[in-house]
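Residue numbers (our numbering): 12 to 277. The C-beta atom is built at its ideal place from N, Cα and C for all residues, glycine as well. One structure is given below, encoded as structure tokens.
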Amino acid sequence: MGSCGSCWSFSTTGALEGANYLATGKLVSLSEQQLVECDHEVCFPCFFWSGNIRLADQARCVLRRESFISLFILLLYDYLRGYVMTHLVWNLQCDPEDKNSCDSGCNGGLMNSAFEYTLKAGGLMREEDYPYTGTDRGTCKFEKSKVVAKVANFSVVSLDEDQIAANLVKNGPLAVAINAVFMQTYVGGVSCPYICSKRLDHGVLLVGYGEAGYAPIRLKEKPYWIIKNSWGENWGENGYYKICRGHNICGVDSMVSTVAAVSSSK
């Protein structure tokens, strides 16, 4: 992924890859670069304020705010953000040339708006046909004739860990957002911080869960989520992260999305 803040695109393609496998029986690596260069769906209401809030892992996933807003508005937004992102769906279309109001390549984006783009565009190409470059300086090279996975529908999963687990089992990997502060020093085991902000700043892929994993900071075993990250196999546990399950640690339950793919018979 390099210095490009494209975590949202990896989360999106990972979820659709799983859904596409369930629908077609084919495991295909999908193009993150298509999303980085071609997706300009809105990721927050254009009329709310001029700058967007996006998930962007540039500089190890810091949340980018690209307009000057008052401290009061910032604190109010952070307080309400979990509810807004979890319960409200925005289907507005912005000007693709306006990089400040839509999904914006290496400057960040959101998974639901990426699913919306994929639905409208007609699908995603293979990774090998549209390879990842780690930059958004190129032009869109999408070819609809080379689409290999299509979105049938997508939805937000409620802020309930039983529902999240049920969706994971039924629908495959889920696109989720998380506060990544403790991921930056993670080396293994179950991450179970006593205090962690729920201010979401990183897009990842929820792939599984367990009932009893050792959490060093708690000196005991805890139930956990298994998350696939996009920082390479040399990070964490071969590219994966385990985080405590049960208390919305680091906001991991706050913005969860499931996607279904079009079956090969359609």
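Checklist entry - Cα separation between Asn-182 and Asp-171? => result 16 Å
Checklist entry - Given 8 Å as the limit, is there contact between the segment 149-161 and the segment 239-247, that is, 3 or more CB pairs closer than that? => result no
Item to check | Assigned secondary structure, Thr-269 (DSSP; H/G/I helix, E/B strand, else coil) | outcome: strand
Item to check | Residue(s) in a DSSP beta bridge with Lys-239 | outcome: Leu-216, Tyr-251
Next on the checklist: With three or more C-beta pairs closer than 8 Å as the rule, is the segment 187-204 touching the segment 220-236?
Outcome noted: yes
Checklist entry - Hey, quick one: how far does the alpha helix (DSSP H) through Phe-126 stretch, first residue to last? => result 122-132
Next on the checklist: In whole angstroms, give me the CA-to-CA distance for Tyr-141 and Ala-271.
Outcome noted: 22 Å
Checklist entry - In three-state DSSP terms, what is Leu-38? => result coil
Next on the checklist: Run through the DSSP bridge pairs and tell me what Asn-190 is partnered with.
Outcome noted: Asn-190 is not bridged to any residue.
Item to check | Cβ neighbour criterion (16 or more within 10 Å) applied to Arg-256 | outcome: buried
Checklist entry - For Ala-30, which residues from the same chain have a beta carbon less than 6 Å from its beta carbon, with the 5 sequence-adjacent residues on both sides left out? => result Gly-183, Val-270, Ala-271, Ala-272
Item to check | Which of helix, strand or coil DSSP assigns to Asn-259 | outcome: coil
Next on the checklist: Only counting the same chain, and skipping five residues up and downstream in sequence, which positions put a Cβ closer than 7 Å to that of Thr-97?
Outcome noted: Residue confidence is low: Thr-97 scores 37 on pLDDT, short of 50, so the model does not pin down where it sits. No coordinate-derived value is stated.
Checklist entry - Does the Cβ of Gln-174 have 16 or more other Cβ atoms within 10 Å, making it buried, or fewer, making it exposed? => result exposed
Checklist entry - Are Leu-216 and Trp-236 closer than 8 Å when you measure CB to CB? => result no
Next on the checklist: With distance defined between alpha-carbon atoms, name the residue in Lys-253, Arg-148, Glu-127 nearest to Thr-23.
Outcome noted: Glu-127
Checklist entry - Where does Val-158 sit, in a helix, a strand or coil, going by DSSP? => result strand
Checklist entry - From Ser-275 to Asn-178, what distance separates their C-alpha atoms? => result 22 Å
Item to check | Closest residue to Leu-27 among Cys-18, Val-39, Gly-16 (Cα-Cα distance) | outcome: Val-39
Next on the checklist: Going by beta-carbon coordinates alone, are Leu-135 and Gln-45 separated by less than 8 Å?
Outcome noted: yes
Checklist entry - Got a sec: does the ligand MN put a non-hydrogen atom nearer than 7 Å to the Cβ of Glu-52? => result With respect to small molecules bound, the structure shown includes none, and the ligand MN cannot be examined in it.
Item to check | Secondary structure of Phe-153, DSSP reduced to three states | outcome: coil
Checklist entry - What does a CB cutoff of less than 6 Å around Ala-34 pick up in its chain, not counting 5 residues either side in sequence? => result Ala-272, Ser-274
Item to check | Phe-153 beta carbon less than 8 Å from that of Ala-132 | outcome: yes
Next on the checklist: On the CB-based measure, 16 or more other CB atoms within 10 Å of its CB, does His-258 come out buried or exposed?
Outcome noted: exposed
Item to check | Candidates Phe-21, Tyr-220, Trp-246, Lys-37, of which the one nearest Cys-117 by Cα | outcome: Phe-21
Next on the checklist: Within a Cβ cutoff of 8 Å, which residues of the same chain sit near Gly-36, ignoring the five residues on either side of it in sequence?
Outcome noted: Ser-275
Next on the checklist: Ser-42 and Glu-138 - do their beta-carbons sit closer together than 8 Å?
Outcome noted: yes
Item to check | Collapsed DSSP secondary structure at Asn-164 in the structure displayed | outcome: strand
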